[in-house]
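Working notes, structure below.
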């Protein structure tokens, strides 16, 4: 979730209590800063946007049509070809 607090855009992680005050007043500039420099991830999920801090972004299970149907993709190791 992102909110304006005292004129600045503040991002709140949708998974943990982490937040980041961007110090920026323009929403799109704040989004660019968060995604490119700060490592935050914004994902549209079922019609609404969710924001994840870098720690939660790495641990996030990706929601997709394939996840809901039980199909998953993984890298095959060298020993798995036997």
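Numbering (full-length UniProt numbering), first residue to last: 1 to 82.
In this text, a Cβ means the ideal position worked out from N, Cα and C, and glycines have one as well.
Paired residues, beta bridge with residue i - DSSP
| i | result |
| --- | --- |
| residue 43 | 50 |
| residue 8 | 5 |
Contacting residues, own chain, Cβ-Cβ under 7 Å from residue i (five flanking each side not counted)
| i | result |
| --- | --- |
| residue 65 | Legend: pLDDT at residue 65 = 45, less than 50; position of this residue unreliable, value from coordinates given subsequently. Cβ neighbours of residue 65 beyond the five flanking positions: none. |
| residue 56 | 13, 15 and 16 |
6 Å CB neighbourhood of residue i in its chain, flanking five on each side removed
| i | result |
| --- | --- |
| residue 34 | 11 and 40 |
Start and end residues, beta strand (DSSP E) containing residue i
| i | result |
| --- | --- |
| residue 3 | 2-5 |
| residue 21 | 19-21 |
Cβ separation of residue i and residue j, assumed to be a contact under 8 Å, to the nearest whole Å
| i | j | result |
| --- | --- | --- |
| residue 26 | residue 42 | Wrong, their Cβ atoms sit about 16 Å apart, outside the cutoff. |
CA-to-CA distance, residue j to residue i, given in whole angstroms
| i | j | result |
| --- | --- | --- |
| residue 36 | residue 52 | 13 Å |
Contacting residues, own chain, Cβ-Cβ under 8 Å from residue i (five flanking each side not counted)
| i | result |
| --- | --- |
| residue 7 | 25 |
Near the ligand SAH: residue i beta-carbon under 7 Å from a heavy atom
| i | result |
| --- | --- |
| residue 21 | Among the components modelled here there is no ligand, and therefore nothing to report on the ligand SAH. |
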